[in-house]
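Read through the structure below, which is laid out as structure tokens, and then see the notes.
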Amino acid sequence: MALNPLAIDFDGNTHGAGFLLATQIKVFILNLPVCSIGDPGEPDNMCNPYNPPIHCTPNAIGGSVKVFINNRSVHRQGDLRLCGAATVSVNMKVFAG
């Protein structure tokens, strides 16, 4: 099983921008809160009238099956967003399967 870096507040996605906004305030990496499934994302670069509106709310929908915060799976680099993009994390210190 591959280990992926945990996603943290302000991580973008493969569609560009779409920065995550962590909702939990107990677990931090690089002084930023760790993200989990269900956390909202700011609009990505594909948010416009010609694309589906899900690009305007690219929330975290994928996560670990082994690591949880407050009973929610942690979101990691490469996990999916609502719009089909994958998260791109700046954290390269803490990993989860």
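So the sequence shown is numbered by the working numbering: it starts at 178 and just counts up by one. Ideal Cβ positions, reconstructed from N, Cα and C, are used throughout, including at glycine. Treat the numbers as computed from the prediction; the structure is a model and nothing was measured.
Beta-carbon within less than 7 Å of ASP221's beta-carbon, same chain only, minus the 5 sequence neighbours each way: which residues are those? The beta carbon of ASP221 lies closer than 7 Å to those of ASN190, HIS192, GLY193, ALA194, GLY195, HIS232, PRO235, CYS260 and ALA262 in the same chain, with the five residues before and after it left out.
Can you say whether ILE179 is buried or exposed, counting buried as having 16 or more other CB atoms within 10 angstroms of its CB? The sequence shown places Ala at residue 179, rather than the Ile named in the question. Burial call: exposed.
Secondary structure at PRO229, three-state DSSP: helix, strand or coil? Look at PRO229 here: in three-state DSSP terms it is coil, with no helix or strand label.
Give the secondary structure of ASP221 by DSSP, where H, G and I count as helix, E and B as strand, and everything else as coil. Under the three-state reduction of DSSP output, ASP221 falls in the strand class.
For my contact list, GLY255 and ASN181 are in at a C-beta cut-off of 8 Å; report their separation, rounded to the angstrom. With 8 Å as the limit, GLY255 and ASN181 qualify as a contact, their Cβ atoms being about 5 Å apart.
Check whether the Cβ atoms of VAL251 and VAL244 sit closer than 8 Å, and answer yes or no. Remark: C-beta atoms of VAL251 and VAL244 approach each other more closely than 8 Å.
Grouping DSSP H, G and I as helix and E and B as strand, with all else coil, what is VAL265? Under the three-state reduction of DSSP output, VAL265 falls in the strand class.
Is it right to say ASN268 is buried, meaning 16 or more other beta carbons lie within 10 angstroms of its own, or is it exposed? Burial of ASN268 is indicated by the presence of at least 16 other C-beta atoms within 10 angstroms of its C-beta.
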